[in-house]
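In the numbering used here, the protein residues as written are 5 to 185.
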């Protein structure tokens with residue numbers, strides 16, 4: 005049975021690092037799911053069946069957390085004792101905040117452009133590039149391990165949350181535009 009006291013990295017037998025091998029993560033997920041799959045416990049006691057179901061659920065939660073870079077970063081910071089709620093998601097980088105205001109304005113105006121699909125696509129490409137740059141910086145912060153790097157990683161998490169939300173809003177607008185065709 006599964007050891008429920010292990011963190012998600014330990015559960016998958018992976019190092020607690022930001023940069024993970026997605027293929028290895030998927031392979032270990034399949035191994036773990038095979039081991040706890042409820043079908044293997046059809047003749048087991050009720051307690052063993054319940055533990056099997058709880059184990060499968062924990063493995064699914066772990067996979068969802070570890071496969072998404074933002075969720076993985078948040079989880080790593082929590083494991084390292086960083087309080088993500090302290091500061092309420094504040095961002096000290098005024099340049100980033102100004103850019104977010106401009107991007108939100110672009111999104112609001114995209115529907116009224118001559119080619120709204122192209123405007124949204126360009127905006128999403130810009131957001132995607134920004135996300136990739138921040139993910140690279142996140143990896144560097146976790147890898148460096150110098151004093152202050154975890155606080156910088158926390159700020160990057162806050163920035164990524166802004167960008168993920170903006171990307172989701174752009175995707176919603178894109179879907180609305182597609183429906184209008």
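The beta carbon of each residue, even a glycine, is placed where N, CA and C say it ideally should be. Small disclaimer: the values here were computed from a predicted structure and weren't measured.
- In this structure residue 174 is not in contact with residue 101, their Cβ atoms being roughly 18 Å apart against a cut-off of 8 Å.
- Within the model, the alpha-carbon separation for residue 119 versus residue 99 is close to 29 Å.
- About 10 Å separates the CB atoms of residue 32 and residue 13; that is not less than 8 Å, and the two are not in contact.
- The C-beta distance from residue 124 to residue 114 rounds to 5 Å, short enough to meet the 8 Å contact threshold.
- Around the beta carbon of residue 34, a 10 Å sphere encloses fewer than 16 other beta carbons of the protein chains shown; the residue is thus reported as exposed.
- DSSP places residue 99 in the helix class (H, G or I) of the three-state scheme.
- Buried is the label assigned to residue 167, since at least 16 other Cβ atoms lie within 10 Å of its Cβ.
- Three or more beta-carbon pairs separated by less than 8 Å link the segment 153-162 to the segment 76-86, which places the two stretches in contact.
- From the listed residues 146, 162, 150, the smallest Cα separation to residue 20 is found for 146.
- In the structure shown, residue 20 falls within a coil segment according to DSSP collapsed to helix, strand and coil.
- Beyond the five residues adjoining it in sequence on each side, residue 76 comes within less than 8 Å, by CB distance, of 22, 24, 69, 70 in the same chain, given in chain order.
- Around the beta carbon of residue 142, a 10 Å sphere encloses 16 or more other beta carbons of the protein chains shown; the residue is thus reported as buried.
- Taking the Cα of residue 40 as reference, the smallest distance to any Cα among 27, 30, 54 is reached at 54.
- Taking the Cα positions, residue 111 is about 23 Å away from residue 74.
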